[in-house]
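The structure under discussion appears below in the form of structure tokens.
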Amino acid sequence: MKCVKCGKPSTVHVQNLDTCGSCFQKIIEKRVRKEVRTAGLIEKNDKILVIDDGSASGKVSGYLLKKIIKGMPVQIEIKQKEFEPGMEIKGDYNKVVVPWNADLEDEYFLSCVMQNREAEFLGHYTTSSKTYVKLLLPVLSSEAEQLAKIRNFSYTEKKDKSPIREMMDKLEEEYPEAKFSLLKSSREFSR
Numbered sequence: 447m448k449c450v451k452c453g454k455p456s457t458v459h460v461q462n463l464d465t466c467g468s469c470f471q472k473i474i475e476k477r478v479r480k481e482v483r484t485a486g487l488i489e490k491n492d493k494i495l496v497i498d499d500g501s502a503s504g505k506v507s508g509y510l511l512k513k514i515i516k517g518m519p520v521q522i523e524i525k526q527k528e529f530e531p532g533m534e535i536k537g538d539y540n541k542v543v544v545p546w547n548a549d550l551e552d553e554y555f556l557s558c559v560m561q562n563r564e565a566e567f568l569g570h571y572t573t574s575s576k577t578y579v580k581l582l583l584p585v586l587s588s589e590a591e592q593l594a595k596i597r598n599f600s601y602t603e604k605k606d607k608s609p610i611r612e613m614m615d616k617l618e619e620e621y622p623e624a625k626f627s628l629l630k631s632s633r634e635f636s637r
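Residue numbers for the sequence shown follow our numbering, beginning at 447 and rising by one.
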């Protein structure tokens, strides 16, 4: 197969899309740039903490953030740390980039709906004086893993899948783009 963008031999097949590694990186970077721009997530003189939990999303978040904001006067620090929604991060940062992607957002949204609890940490959220940025919100976990492989990042895969994640994966096989549709619904829900 050939890359749908440049015609070179394709090396990446994600979401029914055959691309070469270079074009795949550009596609993901473009999605993340759009998310940052439309949501107004990064500004001049921000003090940003990137949480790297060892997952592909954590590694890719740090890489993409540096690539996106090159030349902008911001301070970036990367820390190895586990993250859960609602967790308070201490330190003199006004933005915290968390290792969160579309799959995790969908899983969180569905678990809140099924358990009839308030989804207070949907999308990018603010607590006290910090804004928690989900940089990879427009990226699936499989895409983050592919990008980590292309960039030769070492990461740990999450072995255990929740029943909700398994259900979402089956839905995605049957109905492509189901995860992105669910993400769009969660964004409408959080307004």
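Beta carbons are placed, not taken as given, at the ideal position from N, Cα and C, and that holds for glycine.
8 Å is my cut-off, CB to CB: does residue i come that close to chain C?
i: Phe-555; result: Reference to chain C is not applicable here, since this structure consists of a single protein chain.
From the DSSP output, in three-state form, read off residue i for me.
i: Gln-471; result: helix
i: Thr-484; result: helix
i: Asp-464; result: strand
i: Leu-495; result: strand
i: Lys-476; result: helix
i: Glu-523; result: strand
i: Leu-568; result: coil
i: Leu-582; result: strand
i: Lys-451; result: coil
Under 8 Å, do residue i and residue j count as touching if we go by C-beta distance?
i: Ala-590; j: Val-482; result: no
i: Asp-499; j: Pro-545; result: yes
i: Ile-610; j: Glu-553; result: yes
i: Ile-497; j: Lys-512; result: no
i: Lys-580; j: Tyr-539; result: no
i: Val-542; j: Leu-495; result: yes
i: Phe-635; j: Leu-568; result: yes
i: Ser-501; j: Tyr-601; result: yes
i: Lys-490; j: Met-533; result: no
i: Glu-618; j: Lys-625; result: yes
i: Tyr-524; j: Ile-488; result: In the sequence as presented, Tyr is not what sits at residue 524; that position holds Ile. Contact flag unset, no.
i: Ser-632; j: Phe-555; result: yes
What residue range does the alpha helix (DSSP H) around residue i cover?
i: Tyr-554; result: 548-560
i: Ile-514; result: 502-514
i: Asp-615; result: 609-620
i: Ile-596; result: 587-596
i: Glu-634; result: 624-636
Suppose the cutoff is 7 Å on Cβ atoms and the five residues either side in sequence are ignored; what does the same chain contact list for residue i look like?
i: Leu-629; result: Ala-548, Glu-551 and Asp-552
i: Leu-510; result: Glu-475, Val-478 and Leu-581
i: Leu-463; result: Val-450
i: Arg-597; result: Tyr-509
Name the two residues that bound the continuous beta strand (DSSP E) containing residue i.
i: Tyr-601; result: No beta strand (DSSP E) contains Tyr-601, which DSSP labels as neither H nor E.
i: Tyr-539; result: Per DSSP, Tyr-539 belongs to no beta strand (DSSP E) and is neither H nor E.
i: Thr-457; result: Premise fails: Thr-457 is in no beta strand (DSSP E) and is neither H nor E.
i: Lys-576; result: 576-579
By Cβ distance below 6 Å, which residues in the same chain neighbour residue i in space, the five residues on each side in sequence not counted?
i: Cys-469; result: Cys-449, Lys-451 and Cys-452
i: Gln-461; result: none
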